[in-house]
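Residue numbers (my numbering): 933 to 2101.
Okay, structure first, notes after.
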Amino acid sequence: MTYKDFLKDNGEGKWQDQWEKSQINRAEDFGSKPKKYVLDMFPYPSAAGLHVGHPEGYTATDIYSRYFRLKGFNVLHPMGWDAFGLPAENYAIKTGTQPKVITEQNIKTFKRQIMSLGFSYDWNREINTTDPNYYKWTQWIFLQLFKKGLAYEATVPINFCPSCKTGLANEEVKDGKCDRCGTEVIKKDMRQWMLRITAYADRLLSGLDNLDWTESIKALQRNWIGRSEGAEVDFAVIASEPSRAKRGNPAGSSRLSVGSDFLGMTIRVYTTRPDTLFGATYMVISPEHKLIEELKGKIKNIKEVEKYIAQAKNKTDLERTDLAKDKTGVELKGISAINPVNGTEIPVWISDYVLASYGTGAIMAVPYHDERDWEFANKFDLPIIQVVAPLFTAVTEKDKIKLDKETIRRKMVCVLVKHWADDSYYCLDWGKHDWKSFVMGGVEANETPEQAAVREMTEETGYQNVKSIKQIGGEIHNNHYAEHKGVNRYADSLCFLVELKNEKRSDKIDTEHHQGDWISSSEVKSFINLPNHKWYWDIFQNGEKAFVDIDSGVMINSEFLNDLRPSEAIGKMTSWLEENKCGHKAVNYKLRDWVFSRQRYWGEPIPLVYCENCKKQKQKVLIIHGWEGSGDGNWFPWMKRELEQNGFEVFTPTMTTSASPKIEKWMEELTPYMEKMGENDIIIGHSLGSNAALRLIEKTGKKIGHLFLVGSAIGKLSDELWKLFEQGAPSSDVKSLREFWEGRPIDWEKVTQLAINKNIILSDDDPYIHTDTHKDLPEGWNFELWHGHKHFTVFEAPEILKKVLACKTTGWIPVPENELPLTLPEVDKYEPTGTGESPLVNITDWVKTKCPICGGEAHRETNTMPQWAGSSWYWLRFIDPQNDKVFADLEKLKYFMPVDVYVGGAEHAVLHLLYGRFWNMVLYDLGYVPQEEPFTKLVNQGMILAENGEKMSKSQGNVINPDDQVKENGADAFRMYEMFMGPLEDAKPWNTKGIIGISRFLEKVWNLVNNFSNDGTITPELEILLHKTIKKVGEDIENMRFNTAISAMMVLINESKVVSKEFVEKFLIILAPFAPHMTEELWNKLGHKESIFKEAWPKYDESKIKDEEIELVIQINGKVRAKLKLPVDISEADAIKLAKEDDNVKKYLEGAEIKKTIFVANKLISFVI
RNA sequence: GCCCAGGUGGUGGAAUAGGUAUACACGCAGCACUUAAAAUGCUGUGGCCACAAGCCAUGCGGGUUCGAUUCCCGCCCUGGGCACCA
933 MTYKDFLKDN GEGKWQDQWE KSQINRAEDF GSKPKKYVLD MFPYPSAAGL
983 HVGHPEGYTA TDIYSRYFRL KGFNVLHPMG WDAFGLPAEN YAIKTGTQPK
1033 VITEQNIKTF KRQIMSLGFS YDWNREINTT DPNYYKWTQW IFLQLFKKGL
1083 AYEATVPINF CPSCKTGLAN EEVKDGKCDR CGTEVIKKDM RQWMLRITAY
1133 ADRLLSGLDN LDWTESIKAL QRNWIGRSEG AEVDFAVIAS EPSRAKRGNP
1183 AGSSRLSVGS DFLGMTIRVY TTRPDTLFGA TYMVISPEHK LIEELKGKIK
1233 NIKEVEKYIA QAKNKTDLER TDLAKDKTGV ELKGISAINP VNGTEIPVWI
1283 SDYVLASYGT GAIMAVPYHD ERDWEFANKF DLPIIQVVAP LFTAVTEKDK
1333 IKLDKETIRR KMVCVLVKHW ADDSYYCLDW GKHDWKSFVM GGVEANETPE
1383 QAAVREMTEE TGYQNVKSIK QIGGEIHNNH YAEHKGVNRY ADSLCFLVEL
1433 KNEKRSDKID TEHHQGDWIS SSEVKSFINL PNHKWYWDIF QNGEKAFVDI
1483 DSGVMINSEF LNDLRPSEAI GKMTSWLEEN KCGHKAVNYK LRDWVFSRQR
1533 YWGEPIPLVY CENCKKQKQK VLIIHGWEGS GDGNWFPWMK RELEQNGFEV
1583 FTPTMTTSAS PKIEKWMEEL TPYMEKMGEN DIIIGHSLGS NAALRLIEKT
1633 GKKIGHLFLV GSAIGKLSDE LWKLFEQGAP SSDVKSLREF WEGRPIDWEK
1683 VTQLAINKNI ILSDDDPYIH TDTHKDLPEG WNFELWHGHK HFTVFEAPEI
1733 LKKVLACKTT GWIPVPENEL PLTLPEVDKY EPTGTGESPL VNITDWVKTK
1783 CPICGGEAHR ETNTMPQWAG SSWYWLRFID PQNDKVFADL EKLKYFMPVD
1833 VYVGGAEHAV LHLLYGRFWN MVLYDLGYVP QEEPFTKLVN QGMILAENGE
1883 KMSKSQGNVI NPDDQVKENG ADAFRMYEMF MGPLEDAKPW NTKGIIGISR
1933 FLEKVWNLVN NFSNDGTITP ELEILLHKTI KKVGEDIENM RFNTAISAMM
1983 VLINESKVVS KEFVEKFLII LAPFAPHMTE ELWNKLGHKE SIFKEAWPKY
2033 DESKIKDEEI ELVIQINGKV RAKLKLPVDI SEADAIKLAK EDDNVKKYLE
2083 GAEIKKTIFV ANKLISFVI
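Put into structure tokens, the structure is as follows:
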């Protein structure tokens, strides 16, 4: 039988069935072997079927998985379906078929196609995100986020696709268009569920550092998160009179003092360049800024401003962010702001080039050092102040600063002297100094820079009559060694253009150091060689731009910052702002919260119920005081009052044994309150009250919504500390206190389960409570260390109040976990409504429901989750796909996690991979998964392009169908060709002709194995090559360099003329991961009863991969002149001796002196003559 | 504009702790087998020169080095991502 017959007889299908039957690819839970979790990004089963891009990654992981099984690993290699999402739904609407039916069909097609390629998936673990048994847990995870306060409802302007009629996440918008359908998105105010991914921004960023991902994917995520450091600065707002002279810098008076015209409010800006504060000459606020509303009465041109705001609102995002567009804006007349650093009054503008959603929605404009402000200031004729000068430090040998010489600082001018008639400029050639410059010189004490420019011009050129003089550009600094003076020079220089009137010239010309001549303007650029003069010439030719380079500057016009480098000035200014209480260090991110709801049908229902009644119900707060305290002391009465004003019901009981605390007594007195508390309610414990709160929850076993432990007395103190307690309060009952505090251990596990949100707040200067008593907290406790709060014994505690107010219920009640999954109802019509609600809103008997808490009338949330929800945790479910108690058993997770290798397309770099990491981190914080980061190693396969090098697309008709390829060449050849095309990560064009090379190779192997004679022995050379190949193929697979592994096997087969059985068997095993069907067949033909995949990967013999003879290269002056076949490990002396005897080498060495000989063992000899 | 990746024969690509550039494969040419073609096998295949020797070639221009595809500096081009993010 030929290889072609094998393919024709469906030999591949035969083995696929056999593998499925024997369950050879099954991964064992808790196997004794080392584990490997090899994961593909599970596909979205589209109607178009499998694309050639899919099998690329799948083949890579398949080879990898099969290799590690042969190496004795328990490999988890699963596959599933990411099946919710818009395409199926849109297709359903078009064809009138249920999305569920379409999805089932698509999955069937995908599965058939994937199976036809012989991948070694453990199909027992197949999952489907649209299966209620799966999305039950997607919903459950959402509820955990909700309970943690990481999911919230907000009506915000979001990206909306008018065609898909749904809101989109930032990540789903590409070039202002919907990622799915290409329609231009608009901004629309919509009620949304948002996920607080920004709370994890820092961890999502820092977590990247330790991951084995390509730097480019990490860079994409870092860019997307977009962290920047800077400062927030407050500018006081004052009423301004147009007639009044602008305020200068009120020397001697406090810069922060503002007069009677102060309007009692400030504009806060965010800047990454606090160093440039002295250059801030105006402010800009975004059209959405809330200040407009507050200042309405003060703004004199409010009509004009409101008109501008309306216009900005009507623009699409694409229009607003179009870079080509002219900047627009309106000044807020009647108000001004005060630059806090120098007291200068500056105008406030409104413009849509400032985004409401970033930073504070307002900026200080520093036009000289920001391109956008530069453009705006020039357009509206606003003042521009330079505060950073470019600094040129000489680097050439001659000009380099000499540390042993004195540095003379002075003001200088650079003069562009323009010819009276020609377009040429007078330039100087400094001969032995290697300088070629314009006219230049120092400014004397008694003259202005302009006067100096004219004087220098006259001295150095002799010309006398000036037609005009004009400054070019700003101030620049220059630091170099002046050889002709023997000193270092630091120059602050300005540049002037001096146009001559006529040729009148004196003959008293200074030519001591230089010769002058006219250079035509087209040649000036190449003539001049001083970088600072080149800089000015560039400005003269091309106009001035904003100077934004932070690294090559030095501060000027900035009082206490002068002469600092900007990087130093940023720190100094930030400290100044903090000291003067008008600003502070701040960090900002480009990352926005995740718009999580979709107004569509085909997604997981969000398992929340809205209950008006519960919203009206007062939330209860129980405040438990500490040792020797009372409900009427400390900040408790204040807190009670504040909370009651905000609609809470507050209990502040006083314990009868406050001073000699007894646990039993406290529990007895607190339990009645506890009975009133529920999953929405809040307990605050202070000091020993925290300890009591924990014991109360433990004793009653009741679930509680939020627990706040403030200055909490928990953990064990040392005997010395207790002694101090006794000495400090001799009359008090410290013994009882100690018995209460640490007499009996707290059941932390139980309390952690019962309290949904757990917060501990300590102060770093608390005299009683030391943070080390809190260091063994279990997972899931939110620990905050505040500064300067002592033991929290004050009459008002606004910071704590703020935290409690944030727990206020919204009326949204989670569907009880035992009622999950909340299944997606079957509907006849699933067209999007476009009203901001999903089609589910029309299923009245589904929407109307009973409140799980009060049993009253309530309605369900009708928005559904985005497609990304199901894929944000699926790798966890593969580990325990049938579990109906938890999404996955923690012990199993501990065994299989993390994913060792994750392979998929780079298009998911910021969507799936960011969301997935976020969910995994949240689950980690809640103690449900063992690692913070799910994917240790990430590999992005490159795109497979069409034969013409363009992207494959249906419209171009250049799509390669995997089915056709398998039919024509077999699965083995198709898989191997995809791997042979080039490095996995690279984009590479498909070449249908190329696959024949693989077919020829497989056929060669087939014939070799079928025809070898049993008594054959192989040559020593072939033996060496076999062992080398085993080594290389193994290493290449581990590094996912499949193309070179295949090439190595080809080399081996090309050299194999006579082979032995042992040779054939070893070779088949190393080929098996690549071509599983054919090798299994041949293995069987060789008489083996068991599968080849039950074998072990052959060991290579280190002693057998050493060649006996090597080729030594002889170079002369780096050029190859001879190659000698020599025994391996030949000594340096012998090799050199033999090299010198070579005819060609002799020819070159004849009569020459060998200055140096370089010997690299087993590689080369290099003679230098 | 900013960030990332890359640029090697006719084509896909090998080779970088600096050490024989072009492995392997496609394609092409020639030969063998055949009445012929296909298939298969063998041989050749960067350019100049064409026997050898030599010279020139890894986007372009410089630099470091005995020696650079590999390291450094400056450009050009292609692909991907971000983009009025202060």
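Positions of the beta carbon are idealized from the N, C-alpha and C atoms, including for glycine.
Reference residue i; option with closest CA among the options
{"i": "aspartate 961", "options": "Lys1026, Asn1056 and Cys1546", "result": "Asn1056"}
{"i": "tryptophan 1306", "options": "Arg1252, Arg1341, Glu1476 and Ala1171", "result": "Glu1476"}
{"i": "tryptophan 1352", "options": "Gly1373, Gly1914, Asp1313 and Tyr1395", "result": "Tyr1395"}
{"i": "tyrosine 999", "options": "Trp2029, Asp1613 and Cys1514", "result": "Trp2029"}
{"i": "proline 1730", "options": "Gln1888, Asn1274 and Leu1575", "result": "Leu1575"}
{"i": "tryptophan 1145", "options": "Ser997, Val1871, Trp1778 and Lys1920", "result": "Val1871"}
{"i": "asparagine 1060", "options": "Gln1799, Trp1570 and Ile1073", "result": "Gln1799"}
{"i": "glutamate 2110", "options": "Val1842, Gly1448, Ser1400 and Gly1485", "result": "In the structure displayed, the chain extends from 933 to 2101; residue 2110 sits before or after that span and is not available."}
Residue i in three-state terms, based on DSSP
{"i": "tryptophan 1713", "result": "strand"}
{"i": "leucine 1143", "result": "coil"}
{"i": "methionine 1197", "result": "strand"}
{"i": "leucine 1432", "result": "strand"}
{"i": "phenylalanine 1000", "result": "helix"}
{"i": "serine 1425", "result": "strand"}
{"i": "leucine 1554", "result": "strand"}
{"i": "proline 1182", "result": "Caution is warranted here: a pLDDT of 38 is assigned to proline 1182, below 50, making its placement in the model unreliable, and no coordinate value can be reported."}
{"i": "proline 1537", "result": "strand"}
{"i": "glutamine 948", "result": "helix"}
{"i": "tryptophan 2155", "result": "Examination of residue 2155 is not possible in this model, given that the chain is present from 933 through 2101 alone."}
{"i": "methionine 1296", "result": "strand"}
{"i": "glutamate 2082", "result": "coil"}
{"i": "threonine 1339", "result": "strand"}
{"i": "tyrosine 1521", "result": "coil"}
{"i": "methionine 2107", "result": "Given a span of 933 to 2101 for the chain in the structure shown, any question on residue 2107 remains unanswerable."}
{"i": "tryptophan 1570", "result": "helix"}
{"i": "arginine 1135", "result": "helix"}
{"i": "tyrosine 1053", "result": "coil"}
{"i": "glutamate 1763", "result": "coil"}
{"i": "tyrosine 935", "result": "helix"}
{"i": "arginine 1497", "result": "coil"}
Contact belief for residue i with residue j at Cβ below 8 Å, rounded distance in angstroms
{"i": "phenylalanine 1042", "j": "glycine 985", "result": "Phenylalanine 1042 to glycine 985, Cβ: 13 Å. No contact."}
{"i": "threonine 1130", "j": "arginine 1524", "result": "7 Å"}
{"i": "alanine 2171", "j": "isoleucine 1199", "result": "Outside the modelled stretch of the chain, which goes from 933 to 2101, sits residue 2171, for which no answer is possible."}
{"i": "cysteine 1546", "j": "cysteine 1783", "result": "6 Å"}
Mind pulling the alpha helix (DSSP H) runs of 4 or more residues that sit fully within the region 1850–1931?
1894–1901 and 1903–1912
Quick one: complete beta strand (DSSP E) runs, 3+ long, within the region 1692–1737?
1713–1718
Please give me, in chain order, every unbroken run of the alpha helix (DSSP H) with length at least 4 that falls completely inside the region 1369–1406.
1381–1393
Report yes or no: do the region 1114–1125 and the region 1802–1818 share at least 3 C-beta pairs separated by less than 8 Å?
no
Extract the residue ranges of the alpha helix (DSSP H) inside the region 1587–1669, only unbroken runs of 4 or more that lie entirely within it.
1595–1608, 1620–1632 and 1651–1660
Quick check for students: name the residue ranges of the alpha helix (DSSP H) that lie wholly in the region 2042–2082, counting only runs of 4 or more.
Whole alpha helix (DSSP H) segments, 4+ residues: 2064–2073 and 2075–2081.
Segment contact, 8 Å Cβ cut-off, at least three pairs: the region 1068–1081 with the region 1853–1867
yes
Are the region 1569–1585 and the region 1537–1555 touching by the rule of at least three beta carbon pairs closer than 8 Å?
yes
Is there contact between the region 2088–2097 and the region 2058–2074, where contact requires at least three CB pairs shorter than 8 Å?
yes
Note down, one range per segment and in chain order, each alpha helix (DSSP H) of at least 4 residues found wholly within the region 1222–1250.
Runs of the alpha helix (DSSP H) inside the region 1222–1250: 1223–1227 and 1234–1246.
Taking 8 Å as the threshold, find out whether the region 1491–1505 comes into contact with the region 1382–1395 through three or more Cβ pairs.
Here the region 1491–1505 does not lie against the region 1382–1395, with fewer than 3 beta-carbon pairs under 8 Å apart.
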